């Protein structure tokens, strides 16, 4: 059995160091009229247009009574308002008021300035290395609590926002590079295809499904208009979010929109290295109609075309 003691000690040492770093940032926030908790709540409301009080309670691990008192204070100060959800009449979304947005902007600028001072002397290579380390740290620990995630924890939205398309390109390049050894040519192909889609994007006949958890894109699917047919494209889910029913949920949403728009058929292009995805497609009525060898992405494989007739 692996002796975890040296690893535990190193993590504890890092925790002490990082606590000091956070303390510097927090002390600067505390120079404002707001407590640290109040500032964090404003940050969460700004970051997530669909957030509720329960969502804040779960993300920040705040006691329900304490959160209620804090939110009431922020409402009295004219910073936060409640808005009934259009999707669920029982839920109330938290929104920043105009005054709340101004106060958030002040806090955000202050936080950015302090972080900027911390990394100002790093060169481009050091910054890239730091970002990679942060990603690896977060994604590695994600696996330890993945079993706690359920499909209900994932928010799926259908509007495109700034940064979404670049995130789709990044997810494809990273996942297919790490899991299947694809060369950067694949990422270029995805980028060009995403550009092709967006130049003619018609929300009345096309749809994106953006899957988010804790404000991070963890999955994506797109239906692209091809005349009487629709193309299923850019279906991707982060490894730690597979196996919870997210793929099936996305395919169900795809099929519902496909029928609602009156498409007669649909198709998708994929490769032979994705048996789990292929099984999902066939369960929803797609069938393999074409197979051809290819080395397009730096390795020998077979390109597959699946079609669906409605």
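Residue numbers (the working numbering): 34 to 343.
Glycine is no exception: its CB is placed at the ideal position from the N, C-alpha and C atoms.
Computed from a predicted structure; not experimentally measured.
Three-state secondary structure assigned by DSSP to residue 191
Look at residue 191 here: in three-state DSSP terms it is coil, with no helix or strand label.
I need the straight-line Cα distance from residue 155 to residue 285, nearest angstrom please.
46 Å
Using only the alpha-carbon positions, how far apart do residue 223 and residue 205 sit?
7 Å
What residue range is occupied by the uninterrupted alpha helix (DSSP H) comprising residue 83?
Unbroken run through residue 83: none, as it is neither H nor E.
Can you tell me whether DSSP reads residue 101 as helix, strand or coil?
Helix, per DSSP.
I'd like the span of the alpha helix (DSSP H) that includes residue 149, first residue to last.
Note, residue 149: alpha helix (DSSP H), 131 to 152.
In terms of residues, what are the limits of the beta strand (DSSP E) holding residue 301?
Taken as a continuous stretch (DSSP letters only), the beta strand (DSSP E) holding residue 301 covers 298 to 304.
With DSSP as the reference, please indicate the residues paired to residue 258 in a beta bridge.
263
Cα-Cα separation between residue 221 and residue 332, rounded to whole angstroms:
16 Å
Among residues of its own chain, excluding the 5 on either side of residue 130, which ones have a beta-carbon nearer than 7 Å to its beta-carbon?
111, 112, 113, 114
In the structure shown, what three-state DSSP assignment does residue 95 receive?
coil
If we ignore side chains and look at the alpha-carbon of each, how far apart do residue 264 and residue 127 end up?
Looking at the two C-alpha atoms, the distance is approximately 36 Å.
Looking at residue 267: is its Cβ nearer than 8 Å to the Cβ of residue 283?
no
Residue 41, buried or exposed, once every other Cβ within 10 Å from all chains shown has been counted against 16
Counting every other CB atom within 10 Å of its CB across the protein chains shown gives residue 41 a total below 16, marking it as exposed.
What are the start and end residues of the alpha helix (DSSP H) that includes residue 207?
197 to 213
Which class does residue 340 belong to by DSSP, given the choice of helix, strand or coil?
strand
For residue 114, does the three-state DSSP call read helix, strand or coil?
strand
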